[in-house]
Structures are given as structure tokens and as C-alpha cells.
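Have a look at the structure below before the remarks.
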Amino acid sequence: MRWSSHSVTMPFPARLRTSLQVDPVLFTLVLMLLLGGLVILASASISISENAIGNPFFYLQRQLIAAVLGTVAGGICLFVPMRFWQSLGPLLLLCGIALLVLVLVPGIGYEVNGSTRWVRIGFMNLQVSEPARLCLLLYLAGYLVRRNKALREGFMGFLRPMLVLTVACVLLLREPDFGAALVLLATALVMLFVAGARIRDFLLFFSIGVMAMATLAITAPYRMKRLTGFLDPWADPYNSGFQLTQSLIAIGRGEWFGVGLGDSVQKLFYLPEAHTDFVFAVFAEEFGLAGSVVLIGIFVALLWRVFKLGMRAAKAERFFEAYIAIGLGTWIGLQAFINVGVNMGLLPTKGLTLPLVSYGRSSLIITMICIGLLLRIHHELAVDAKPVNRKRGKRK
Numbered sequence: 143m144r145w146s147s148h149s150v151t152m153p154f155p156a157r158l159r160t161s162l163q164v165d166p167v168l169f170t171l172v173l174m175l176l177l178g179g180l181v182i183l184a185s186a187s188i189s190i191s192e193n194a195i196g197n198p199f200f201y202l203q204r205q206l207i208a209a210v211l212g213t214v215a216g217g218i219c220l221f222v223p224m225r226f227w228q229s230l231g232p233l234l235l236l237c238g239i240a241l242l243v244l245v246l247v248p249g250i251g252y253e254v255n256g257s258t259r260w261v262r263i264g265f266m267n268l269q270v271s272e273p274a275r276l277c278l279l280l281y282l283a284g285y286l287v288r289r290n291k292a293l294r295e296g297f298m299g300f301l302r303p304m305l306v307l308t309v310a311c312v313l314l315l316r317e318p319d320f321g322a323a324l325v326l327l328a329t330a331l332v333m334l335f336v337a338g339a340r341i342r343d344f345l346l347f348f349s350i351g352v353m354a355m356a357t358l359a360i361t362a363p364y365r366m367k368r369l370t371g372f373l374d375p376w377a378d379p380y381n382s383g384f385q386l387t388q389s390l391i392a393i394g395r396g397e398w399f400g401v402g403l404g405d406s407v408q409k410l411f412y413l414p415e416a417h418t419d420f421v422f423a424v425f426a427e428e429f430g431l432a433g434s435v436v437l438i439g440i441f442v443a444l445l446w447r448v449f450k451l452g453m454r455a456a457k458a459e460r461f462f463e464a465y466i467a468i469g470l471g472t473w474i475g476l477q478a479f480i481n482v483g484v485n486m487g488l489l490p491t492k493g494l495t496l497p498l499v500s501y502g503r504s505s506l507i508i509t510m511i512c513i514g515l516l517l518r519i520h521h522e523l524a525v526d527a528k529p530v531n532r533k534r535g536k537r538k
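Here the numbering used here is used: position 22 in the sequence shown is 164, and no number is missing along the way.
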């Protein structure tokens, strides 16, 4: 493997004409989050695993398997041209909607904590919102390329994808999975805005979306309970505000530099979901403000790199790739922002994982596939940018 300031060159099989160009910055940032996430997951889950299963590394082992599967799946995506995904747009749409319908079928959907979000596949439960979201975003990127003129000039060009997204969000809310619906809708609106949707259409649906989400949050008793618990968790610290108060205690105990890796007290059966939704609180307790700033900084650097990739693709007039990069970057960034915001008491509890860090096998595998797609986009842009040897008609 040869490192350079712009790419990592890895030999392809002989039947392929070019070498694989991997963005070393993006690759390094993802590797830091993945390996660091496994370390903090081991610390956050060791007590829970020992008490519930009798194996202190139960959740870590399962996450490692998911990391391997995700790496293999992401690696496969490195060898698949982006035009292939673009050609599969309608099929991906059908697959995404089918997954969201399938999980609601009695006897197929697997219920955990009152939500039917999973389908059992072999040794693991697949959270269908993760692959469905990726399928829908790939379809949307293709639509934005095919119907860009209609999107820019008429209301119907904007309405068609919004109807599809509305159906998907309704299915997600039936599970219920409010957080996944919110992330999907927000990501899609960003992609539509970047693709040139008219401001009045964008603002109209954005306003409708906000009002609909607010209505759903207020009318559903369990969502209202979460909202009131978020606004004043100390008013009921042993019931509706329990998760948040324990999370804030964990973050407060970390102070500047943390109590040290493995020395968190809150993970010892005080903080619910310490290895999933609230893993950031355990991280903040063990590594303090300094460590938290570093972790958030890595996420910011990752998003900057992904959005820069999207701008490069747009400049090269590869708009499908540009929309995909913007969409995936928004998805990862928004989910990380919501997770950290929930842990810090800035947002109501949403049940979203911290990408590449929290325990969640479906989330990790799909995130690694997203990274594979982003690395593939970088490869194709790098290959296109190579100068051409005019005598031989080949790239240098």
C-alpha cells in the first residue's frame, strides 16, 4: 500500500484497468472512530454483559462481527461503479418500501421495548430502517439527476419524491421509529435543497414537516412523556427524567479530563442503555471534556471531508455522486448531532445510535457500506482527474 498526500494506491485484480484510489483522510477518520468506538463499547458494556449474559465481552464480540461484515460489504462497494447504483433506482425504492412494510407484518417483525423495528435474519436482528433509508436515498439521488429540470421549474417535480418520503415516514412511525423518520426526512430535504428545489416549495414542505413532527410528538403519550422529561428532567429524576439525569451526572463526573478508561460509575447499572443510546455519556465520564471535544472534532472533520467530496463531484458534473455524498454526510452528521444532543440534554430522547461508536449491528454495517460508497466516489473522481496519455490513449 502506498500513501500519498491525496490517495492510497492499492492494486486491483489484473482484469481491471485502474488502481484503487482511497482517500487517506476519510479512511483514517473512519478507522479512528471505528477502533475508538470498539474500545469505549467494551468499557461501557462490560458490566451489562457480565450481569445479563455471563460473558463480559458479549456485546463487544457481536459488534466485532458486525464490523467485519460491514467492512466486507463496504469493500465490495469499492468495486461497484456508481452508475450501477444509479441504474437500480426504482428497484432500490421498492426494496426500501418493502422492508418497511415487512417489519409490520405480524410474525415477521421482532418487537423490543415496545417497538417493532427488527426482522430476525440468521444470528442477528436487522433494524430495517437502516437499509431502507440507504435504499431510499440512493433512489432519491437518481431521481434528482433524472428530473432535475422538473424539480427546479415546477411544483410536481418536488411533490413526487415528497410523496414517496411521506409514505416511508408513515411506515417508520408505525413501528414506531420517530428518530429514523426525522433523520430520513431531514436528509432528503437537504438533498432536494442542494439539487435546486425552489425555495417556496422547500419552505412549504419544511414547515409542513416540522408541524407534523411536532403534532406527532405532542399527541403520542410516550413521546410527550419524553418531551416533558427532557424539558425538566430533575422534576421527576426517578421516572421520566431518569435517563437524562443519569446521563448528565455521568458527563458532569468527567470534568476536564475524565475519570479514566474503564472507571465510569454510571455504566454500573445506573445509566440505562449505556452501550447504545448513551454511550457518549460514558465516554464523557471516562475521557472528560477534552476527550469529548476530540471525539466531536473527529466527526466534524469527517463531515467536512464528505461534503468536500460532494462539492468535488458537483464540480466534475457527476451529480448523482454529489447528491449521494451530501445525503450520506447529512445522515451521519445529523445522527451524531442528535445522539450527542440527547446525551447532553439539548434534545429529547430519540433512540438513535452514535455512528461507528454505539452498539448497533445494523447501524454499523450500513454505515460501513455508506463509507464504501463514499470511498468509491473518491476513486472515480481521482481516476477521472488523471491526465490522459494521448499517444497511447491510456491514462497515466
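Ideal Cβ positions, reconstructed from N, Cα and C, are used throughout, including at glycine.
Proximity of residue i and residue j at Cβ, strictly below 8 Å
i, j, result
"Leu523", "Ala464", "no"
"Val172", "Leu498", "yes"
"Met304", "Phe347", "yes"
"Gly251", "Thr258", "yes"
"Ile513", "Leu276", "no"
"Ala337", "Asn381", "no"
"Val421", "Leu183", "yes"
"Leu246", "Leu314", "no"
"Gly445", "Ile474", "Strictly speaking, residue 445 in this sequence is Leu, with Gly absent from that position. In contact: Leu445 and Ile474 (Cβ atoms closer than 8 Å)."
"Val254", "Phe462", "no"
"Leu241", "Pro273", "yes"
CA-to-CA distance, residue j to residue i, given in whole angstroms
i, j, result
"Met480", "Met486", "Sequence check: residue 480 is Ile here, not Met. Those two C-alpha atoms are separated by around 10 Å."
"Gly430", "Ser271", "33 Å"
"Ile350", "Ser191", "43 Å"
"Ser406", "His417", "12 Å"
"Ala478", "Gln205", "18 Å"
"Ala612", "Gly469", "In this structure the chain extends from 143 to 538, so residue 612 is not present and cannot be described."
"Ile218", "Trp227", "13 Å"
"Ile519", "Val525", "10 Å"
"Leu307", "Val435", "35 Å"
"Ser147", "Val167", "In this predicted model, Ser147 has a pLDDT of only 38, less than 50, meaning its place in the structure is not dependable; the value taken from the coordinates is given anyway. Going from the Cα of Ser147 to the Cα of Val167 covers about 9 Å."
"Gly238", "Leu451", "26 Å"
"Ile440", "Leu175", "8 Å"
"Leu506", "Ala209", "7 Å"
"Ile393", "Arg294", "46 Å"
"Met333", "Gly483", "23 Å"
"Pro375", "Leu345", "33 Å"
"Val325", "Phe335", "15 Å"
"Gly256", "His521", "43 Å"
"Tyr501", "Phe449", "26 Å"
"Asp419", "Leu496", "7 Å"
"Pro223", "Ile207", "27 Å"
"Tyr201", "Ala339", "44 Å"
"Ala310", "Leu515", "23 Å"
"Thr509", "Leu220", "14 Å"
"Leu301", "Thr213", "37 Å"
"Asp165", "Gly471", "15 Å"
"Val243", "Leu234", "14 Å"
"Leu177", "Ala292", "44 Å"
"Thr387", "Ile438", "22 Å"
"Met453", "Pro232", "26 Å"
"Leu180", "Gln203", "10 Å"
"Thr151", "Ser504", "Note that Thr151 has pLDDT 42, beneath the 50 cutoff, so the model's placement of it is unreliable and the number below is only indicative. Spanning the two alpha carbons is a distance of roughly 30 Å."
"Asp343", "Leu278", "20 Å"
"Val261", "Phe411", "28 Å"
"Ile466", "Thr170", "21 Å"
"Arg460", "Gly216", "21 Å"
"Trp145", "Leu236", "With a pLDDT of 41 at Trp145, under the threshold of 50, the modelled position of this residue cannot be trusted; read the value that follows with caution. Taking the straight line from one Cα to the other gives about 41 Å."
Close-in-space but distant-in-sequence residues of the same chain around residue i (CB under 7 Å, 5 per side omitted)
i, result
"Ala456", "Ala464"
"Phe399", "Gly430, Ala432"
"Val352", "none"
"Leu476", "Val325, Ala328, Thr329"
Own chain residues within Cβ distance below 6 Å of residue i, not counting five before or after
i, result
"Gln385", "Pro414"
"Arg447", "Val167, Leu168"
"Pro198", "Ile188, Ser191, Glu192"
"Asp378", "none"
Own chain, CB closer than 8 Å to residue i, minus 5 neighbours either side, in chain order
i, result
"Ser142", "Any property of residue 142 remains undetermined from this structure, which presents the chain solely from 143 to 538."
"Pro155", "At Pro155, the pLDDT of 42 sits below 50, so the modelled position is not reliable and the matter cannot be decided from this model."
"Glu397", "Gly430, Leu431"
"Ala426", "Ala392, Ile393, Gly396, Gly400, Gly433, Ser434, Asn485"
Check: Okay, do the stretch 313-321 and the stretch 486-495 touch, 3+ Cβ pairs below 8 Å being the bar?
Finding: These segments touch.
Next item on the list: Let me know the beta strand (DSSP E) ranges lying completely inside the stretch 238-283, each 3 residues or longer, listed in chain order.
Entry: Runs found: 251-254, 257-263, 266-269.
Check: Curious, which full-length beta strand (DSSP E) runs of at least 3 residues does the stretch 152-224 contain?
Finding: The DSSP assignment places 162-164 as complete runs of the beta strand (DSSP E) inside the stretch 152-224, in order along the chain (cut-off: 3 residues).
Margin query: Pairs of beta-carbons, one from the stretch 278-287 and one from the stretch 254-270, closer than 8 Å: are there three or more?
Written below: No: fewer than three Cβ pairs fall under 8 Å.
Next item on the list: Note down, one range per segment and in chain order, each alpha helix (DSSP H) of at least 4 residues found wholly within the stretch 360-441.
Entry: Listed in chain order, they are 363-373, 384-396.
Notebook entry, point to check: If you scan the stretch 451-508 from start to end, which runs of the beta strand (DSSP E) of 3 or more residues do you find wholly inside it?
Noted result: Uninterrupted beta strand (DSSP E) stretches at least 3 residues long and entirely within the stretch 451-508 do not occur.
Note to self: Please give the ranges of any alpha helix (DSSP H) in the stretch 320-366, keeping only runs that are unbroken, at least 4 residues long and fully inside the region.
What the structure shows: Counting whole runs of 4 or more residues, the stretch 320-366 contains the alpha helix (DSSP H) stretches 320-336, 341-361.
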